[in-house]
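As they're listed, the protein sequences go chains A and B.
Numbering of the first sequence is given in this note's numbering, commencing with residue 277 and proceeding in unit increments.
Numbering of the second sequence is given in this note's numbering, commencing with residue 277 and proceeding in unit increments.
Number of protein chains: 2
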Amino acid sequence: MERQDLRKAGLKITLPRLKVLEILENSKQRHLSAEDVYKALLEMGEEIGLATVYRVLTQFEGAGLVSRLNIDGGHAVFELDDGDHHDHLFCVNCNRIIEFYDEVIEQRQRAIAESNGFEMTDHSLYIYGVCNREECKKER
Amino acid sequence: MERQDLRKAGLKITLPRLKVLEILENSKQRHLSAEDVYKALLEMGEEIGLATVYRVLTQFEGAGLVSRLNIDGGHAVFELDDGDHHDHLFCVNCNRIIEFYDEVIEQRQRAIAESNGFEMTDHSLYIYGVCNREECKKER
DNA sequence: GCTGTAAATGATAAGGCTTTTCATTTAGTA
DNA sequence: TACTAAATGAAAAGCCTTATCATTTACAGC
Chain A
277 MERQDLRKAG LKITLPRLKV LEILENSKQR HLSAEDVYKA LLEMGEEIGL
327 ATVYRVLTQF EGAGLVSRLN IDGGHAVFEL DDGDHHDHLF CVNCNRIIEF
377 YDEVIEQRQR AIAESNGFEM TDHSLYIYGV CNREECKKER
Chain B
277 MERQDLRKAG LKITLPRLKV LEILENSKQR HLSAEDVYKA LLEMGEEIGL
327 ATVYRVLTQF EGAGLVSRLN IDGGHAVFEL DDGDHHDHLF CVNCNRIIEF
377 YDEVIEQRQR AIAESNGFEM TDHSLYIYGV CNREECKKER
């Protein structure tokens, strides 16, 4: 992810934007809430307001640099958009997120949209469950 | 849906609960927000507090009488749970909701959960798009 | 480099939806 | 019919997110 990507999106190259990108790229977790990003910035010593974090993430989403996930009922989570679409498995115990892509499901979705007269613009698929970590399996 | 269903769920049979059930069963639209239910109650002349509506719907969900949908970013929507699982097509223009069920997708989801070591507890699939109403097609 | 202007930021307030609180009322049992 | 736990209503509080607005900053043009 480069300064160029910001330019292309018509966004000025500002310290908050560069730092948010940096967090998204270098964080151990690929999926971060706005709050997560905000805290990571604080840990880096960057005093960037939470409102700015929300704004920047929303702009990045608009620019296609970032995707926003809406986990059931909860808050939004962001991930870098590397161009390949995928869906998510979500561990209801440890909140771990695993990505997957399934062409069969994709095709069926397109077929369903079409047969109902829908022009599909987007879709979201979340599989919720308990993952295979020992701590989580115990909870089953 | 009967008084018995409330009893089984360990819920006392109260006027608010009966009236909320009545709305869910008799409403023209199958999918209602808490606010929708609240307004429908007012129209019936029942002065039931919004907090009660939220509480009752949440209890009904816990009892398996009702399902809660989380449309992207927006508010929750409730529908009677008649026992058959289905997913939803959502018109981003007129908010119409269409239900569908696809066994191929269901199977693939189970397979994906399994191959990732997940014990699936639930899943949610929303297809967003523009439906085939004239007013909506114009927006395309 | 400097300047000007539109864009970006930060702090705070406001918003929308939902849950909590707590005093009052009610269902259902003894 | 009386009692007790559960349910209700009104209002406040919560949570996440967006809007407001005065101040600061990026960057195009001189």
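Positions of the beta carbon are idealized from the N, C-alpha and C atoms, including for glycine.
Computed from a predicted structure; not experimentally measured.
Determine, for residue i, whether the minimum Cβ-Cβ distance to residues of chain A falls below 8 angstroms.
i: F376 (chain B); result: yes
i: A327 (chain B); result: no
i: H399 (chain B); result: yes
i: A389 (chain B); result: yes
i: Q280 (chain B); result: no
i: D348 (chain B); result: yes
i: C407 (chain B); result: yes
i: V332 (chain B); result: no
i: L365 (chain B); result: yes
i: Q305 (chain B); result: no
i: R283 (chain B); result: no
i: I299 (chain B); result: no
Determine, for residue i, whether the minimum Cβ-Cβ distance to residues of chain B falls below 8 angstroms.
i: F394 (chain A); result: yes
i: I381 (chain A); result: yes
i: Y314 (chain A); result: no
i: V353 (chain A); result: no
i: I373 (chain A); result: no
i: V368 (chain A); result: yes
i: Q385 (chain A); result: yes
i: I289 (chain A); result: no
i: I324 (chain A); result: no
Figure out for me which residue from the options has the closest Cα to the Cα of residue i.
i: E410 (chain A); options: A:V342, A:N369, A:S343; result: A:N369
i: L341 (chain A); options: A:G325, A:L317, A:L300; result: A:L300
i: C367 (chain A); options: A:I347, A:Y377, A:D378; result: A:I347
i: V406 (chain A); options: B:C412, B:G405, B:R386; result: B:R386
i: A316 (chain A); options: A:E298, A:F376, A:R331, A:I388; result: A:E298
i: Y377 (chain A); options: A:N392, A:D360, A:I388; result: A:D360
i: H273 (chain A); options: A:R372, A:N371, A:E382, A:T397; result: What the structure shows of chain A is the stretch from 277 to 416, and residue 273 (chain A) is not part of that stretch, so it cannot be assessed.
i: G374 (chain A); options: B:R306, B:K284, B:I388, B:I373; result: It is worth fixing the name first, because residue 374 (chain A) is Ile in this sequence and not Gly. It is B:I388 whose Cα lies nearest to the Cα of I374 (chain A).
i: K304 (chain A); options: A:V380, A:T290, A:R372; result: A:R372
i: A285 (chain A); options: A:V332, A:A327, A:E323, A:G325; result: A:V332
Under a three-way DSSP split, which group does residue i fall into?
i: D281 (chain A); result: helix
i: I403 (chain B); result: strand
i: I373 (chain A); result: strand
Which value, in whole angstroms, describes the spacing of the CA atoms of residue i and residue j?
i: E337 (chain B); j: H364 (chain B); result: 18 angstroms
i: C412 (chain A); j: F394 (chain B); result: 10 angstroms
i: V353 (chain A); j: Y404 (chain A); result: 15 angstroms
i: E390 (chain B); j: G321 (chain A); result: 42 angstroms
i: G349 (chain A); j: H399 (chain B); result: 13 angstroms
i: L401 (chain B); j: D357 (chain A); result: 20 angstroms
i: L294 (chain B); j: Q335 (chain A); result: 46 angstroms
i: A339 (chain A); j: N408 (chain B); result: 29 angstroms
i: P292 (chain B); j: R279 (chain B); result: 12 angstroms
i: D281 (chain A); j: S343 (chain A); result: 15 angstroms
i: V380 (chain A); j: L345 (chain A); result: 22 angstroms
i: L308 (chain B); j: E311 (chain A); result: 31 angstroms
i: R306 (chain A); j: Y314 (chain A); result: 15 angstroms
i: I289 (chain B); j: V296 (chain B); result: 12 angstroms
i: H351 (chain B); j: E319 (chain B); result: 22 angstroms
i: V329 (chain A); j: R384 (chain A); result: 37 angstroms
i: I324 (chain B); j: R283 (chain B); result: 21 angstroms
i: L287 (chain B); j: T397 (chain A); result: 42 angstroms
i: N302 (chain A); j: E355 (chain A); result: 12 angstroms
Is residue i near the ligand MN, with its Cβ less than 7 angstroms from a heavy atom?
i: S309 (chain A); result: Absence of the ligand MN from the depicted structure is noted, as is the absence of any ligand whatsoever, leaving it without description.
Runs of beta strand (DSSP E) wholly within the segment 292-369 of chain B (minimum 3 residues, chain order): 342-346, 352-356, 363-367
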